[in-house]
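Everything on this sheet refers to the single structure shown next.
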Amino acid sequence: NRIINYNFEITEDDNSTNTNSNIEIIDPFDWEIVTYNNKRYICLNIIKKSDIPGCVHWWDAVFVNDITIDVKSIKGRSNNNDNNNVWNEAHRLFKEKIANENKINLDIDNE
Numbered sequence: 001n002r003i004i005n006y007n008f009e010i011t012e013d014d015n016s017t018n019t020n021s022n023i024e025i026i027d028p029f030d031w032e033i034v035t036y037n038n039k040r041y042i043c044l045n046i047i048k049k050s051d052i053p054g055c056v057h058w059w060d061a062v063f064v065n066d067i068t069i070d071v072k073s074i075k076g077r078s079n080n081n082d083n084n085n086v087w088n089e090a091h092r093l094f095k096e097k098i099a100n101e102n103k104i105n106l107d108i109d110n111e
């Protein structure tokens, strides 16, 4: 876990200037007060907007201009090699199918 101090407020009116535009501001916030190294912090749970429901999107940072992380190194994240292998095989089969289709010659008038 990583705790960072932010000195700005998230509001509905200016969330696009202070935060990642994929954050959905909800009311009421899901929050809790936590203690870490003898300091108290407010922990907000923020919901990500998604154009593809049910799809997992990994952020390298929560806020604009935030410190970024390597999302591929997150413990428990599924390995993308399987997905890449499936995609590469499907792409290879598609190119093979297109290459083997009958070609049609078209006469184009140059008027």
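In full-length UniProt numbering, the protein residues as written are 1 to 111.
Every residue gets a Cβ at the ideal spot worked out from N, C-alpha and C, and that includes glycine.
- So, ILE47 versus ASP60, is the Cβ gap smaller than 8 Å? no
- Message: Taking only three categories from DSSP, how would you classify ARG40?
- Response: strand
- Taking C-alpha atoms, which residue in ASN37, SER50, ILE42 lies nearest to TRP31? ILE42
- Could you give the C-beta distance for ASP77 and TRP58, rounded to a whole number, given that I count them as a contact under 8 Å? Residue identity differs from the one stated: residue 77 is Arg in this sequence, not Asp. Indeed, because the Cβ distance is near 7 Å, the residues count as touching under 8 Å.
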